[in-house]
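First to last, the protein sequences are chains A and B. Under the numbering used here, the final residue of the first sequence carries the number 191; numbering is consecutive throughout. Under the numbering used here, the final residue of the second sequence carries the number 382; numbering is consecutive throughout. From the three backbone atoms N, C-alpha and C, an ideal C-beta is built for every residue, glycine too. None of the values given here were measured: they were computed from a predicted structure. Okay, so here's the structure we're looking at.
Protein chains: 2
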Amino acid sequence: MSKQLFHHINKYVAITEEEFQTMFPFFELRTLKKKELLVEAGSVCNQNHFVLDGCLHMFFINDKGTERTIQFAIENWWMTDDLAYHNQTVTDFSIQAVENTRLLAITHDKQEQLLKEFPQLEKYFRTIYQISYGAALVKMKYLFGLTKEEIYFHFTTQFPQFAQRVPQYLIASFLGLTPEYVSEIRAKKRS
Amino acid sequence: MSKQLFHHINKYVAITEEEFQTMFPFFELRTLKKKELLVEAGSVCNQNHFVLDGCLHMFFINDKGTERTIQFAIENWWMTDDLAYHNQTVTDFSIQAVENTRLLAITHDKQEQLLKEFPQLEKYFRTIYQISYGAALVKMKYLFGLTKEEIYFHFTTQFPQFAQRVPQYLIASFLGLTPEYVSEIRAKKRS
Chain A
1 MSKQLFHHIN
11 KYVAITEEEF
21 QTMFPFFELR
31 TLKKKELLVE
41 AGSVCNQNHF
51 VLDGCLHMFF
61 INDKGTERTI
71 QFAIENWWMT
81 DDLAYHNQTV
91 TDFSIQAVEN
101 TRLLAITHDK
111 QEQLLKEFPQ
121 LEKYFRTIYQ
131 ISYGAALVKM
141 KYLFGLTKEE
151 IYFHFTTQFP
161 QFAQRVPQYL
171 IASFLGLTPE
181 YVSEIRAKKR
191 S
Chain B
192 MSKQLFHHIN
202 KYVAITEEEF
212 QTMFPFFELR
222 TLKKKELLVE
232 AGSVCNQNHF
242 VLDGCLHMFF
252 INDKGTERTI
262 QFAIENWWMT
272 DDLAYHNQTV
282 TDFSIQAVEN
292 TRLLAITHDK
302 QEQLLKEFPQ
312 LEKYFRTIYQ
322 ISYGAALVKM
332 KYLFGLTKEE
342 IYFHFTTQFP
352 QFAQRVPQYL
362 IASFLGLTPE
372 YVSEIRAKKR
382 S
């Protein structure tokens, strides 16, 4: 299990098994049942999470009381409200397990300490954030450049395994669509 | 001029003036006239840009031939298509000067070399990307959680100086609104 984070770090920077053994105690293993809440909106955001297996989603509740999903995290993805985590402020987002999930959690203080002791991890996190930010710009391009129907089919074609394992209403929420609209365009495609 | 990047780096990591003097030749000073293109969609994305003064916007042209702005960069902001820059691939985005602009450009190869020679800059870029990614999640929350009218007034209230200096049609484009819609809600507010 710890091997997984070790291999993920080694995709971007070289660390030894001995170094990783010293890093590992900075993390806490958490297991969540499907639908269990990991973070509740309104709490101070002081943890970051690396998913070992399962799936999380981060969402907020809009004025109409509807859940809107902002991001997903599956195996080897990090998830937190990054701005609130950086500023150590209250988050507007909740994080919930979409499936039974195992993850490694690290507090903000411990992550700071980890980065101080192993500065080579700065490159690991820099690379991950660079990719994540770049992907967020691309997502914005799809939201602004495609019709709702195109957004849905682009997403499900681009990430077929993901689209199969995550409930349709969450995919709809992530793409800014209503579940009814998604049912409608899926039915249209089948007919 | 070079002082500006020096001070910006020192907001996040401590570097000496001597170190900065060694870093500075990695960059090239560029000046752009208002409306001049810095990057054209379809080219390989191999430069990153730090704005000294002025303003840039990154945009793509949608199927209807309309420009959609994805991000802005004013003084002390970095701008590139981060995913294409990371992968060294062709970008779908163009970057253009909104005002006369002076910036420091660095190629991908030189940035890699800079980070190798000054690994403490990994923390600087990690922090900047962490904040940028966090802000992108917050933007997504506004796009998904507010009405079009609320998005516009939230943005112009939150960033009044920015809203004053950037043409309305670009702000509309950035917020996923049409210029006609923005004129309409501004007129409604005045009446």
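Just to confirm before moving on: does the CB-CB distance between B/V242 and B/A275 stay below 8 Å?
No, Cβ-Cβ distance for B/V242 and B/A275 is not below 8 Å.
Do you know whose CA, among B/P351, B/T347, B/K332, lies nearest A/E67's CA?
The residue with the shortest Cα to Cα distance from A/E67 is B/K332.
To the nearest angstrom, how far is it from the Cα of A/V44 to the Cα of A/D92?
Answer to the nearest angstrom: the Cα atoms are 9 Å apart.
By how many angstroms is the C-alpha of B/K379 removed from the C-alpha of A/P179?
Their Cα atoms are separated by approximately 33 Å.
Taking Cβ positions, are A/L170 and A/T101 nearer each other than 8 Å?
Cβ distance not < 8 Å, so A/L170 and A/T101 don't count as in contact.
Among the candidates A/Y152, A/P160, A/A163, A/T157, whose CA atom is the shortest distance from the CA of A/Y181?
Checked all of A/Y152, A/P160, A/A163, A/T157; the closest Cα to A/Y181 is A/Y152.
Give a yes or no on whether the minimum CB-CB distance between A/L143 and chain B is below 8 Å.
It does; some Cβ of chain B falls within 8 Å.
Quick check on B/A205 - is its C-beta less than 8 Å from some C-beta in chain A?
Not closer than 8 Å to any Cβ of chain A, the Cβ of B/A205 fails to qualify, so no.
Can you round the beta-carbon distance between A/Q161 and A/N76 to whole angstroms, since I take them to be within the 8 Å contact cut?
Contact flag wrong, Cβ pair sits at about 14 Å.
Along the chain, where does the alpha helix (DSSP H) containing B/I342 start, and where does it finish?
339-349 is the extent of the alpha helix (DSSP H) around B/I342.
Would you list, in sequence order, the uninterrupted beta strand (DSSP E) runs of no fewer than 3 residues that lie entirely inside the segment 75-121 of chain A?
Complete beta strand (DSSP E) runs here, min 3: 94-97, 101-107.
Between the alpha carbons of A/Y12 and A/E184, how many angstroms are there, rounded?
If I take the Cα positions, the gap works out to 42 Å.
Count the CB pairs spanning the segment 246-253 of chain B and the segment 298-313 of chain B that are closer than 8 Å, and state whether there are at least three.
Segments in contact, no.
Between B/K314 and A/E122, how many whole angstroms is the CB-CB distance? I'm expecting something under 8 Å.
B/K314 to A/E122, Cβ: 5 Å. Contact.
Per DSSP, what are the beta-bridge partners of B/A264 in this structure?
Bridge partners of B/A264: B/L247.
For the beta strand (DSSP E) holding A/E28, just list the boundary residues, first then last.
First-last of the beta strand (DSSP E) with A/E28: 28-32.
Of the residues that make up the segment 100-133 of chain A, which ones have a beta carbon closer than 7 Å to any beta carbon in chain B?
Listed by position along the chain: P119, E122, K123, F125, R126, Y129, Q130, I131, S132, Y133.
Quick one: give me the first and last residue of the beta strand (DSSP E) that B/L366 is part of.
It is not in any beta strand (DSSP E) - B/L366 carries neither H nor E in the DSSP assignment.
May I have the straight-line CA-CA distance separating A/T157 from A/A163, to the nearest angstrom?
Looking at the two C-alpha atoms, the distance is approximately 8 Å.
Anyone know if the C-beta pair for A/N48 and A/I128 falls short of 8 Å?
Against a cut-off of 8 Å, the Cβ pair of A/I128 and A/N48 comes out as no contact.
So A/K35 and A/A97 are supposed to be a Cβ contact under 8 Å. How far apart are they, rounded?
Right, the Cβ-Cβ distance comes to about 6 Å (below 8 Å), so this counts as a contact.
Please confirm whether B/D256 has its beta-carbon closer than 8 Å to some beta-carbon of chain A.
The question names Asp, but residue 256 of chain B in the sequence shown is Gly. Answer no: the Cβ-Cβ gap between B/G256 and chain A never drops below 8 Å.
Which chain A residues sit within Cβ distance under 9 Å of B/H277?
Going along chain A in sequence order, the residues near B/H277 (Cβ under 9 Å) are T127, Q130, I131, G134.
So, B/L328 versus B/F346, is the Cβ gap smaller than 8 Å?
No, the pair does not count as a contact, with Cβ atoms beyond the cut-off.
In three-state terms, what does DSSP make of B/N201?
If DSSP states are grouped into helix, strand and coil, B/N201 belongs with the helices.
With 16 other CB atoms within 10 Å as the buried threshold, where does B/L229 fall?
Classification of B/L229: buried, given that the 10 Å Cβ count is 16 or more.
Under 8 Å, Cβ to Cβ, is there at least one residue of chain B near A/F60?
A/F60 counts as touching chain B.
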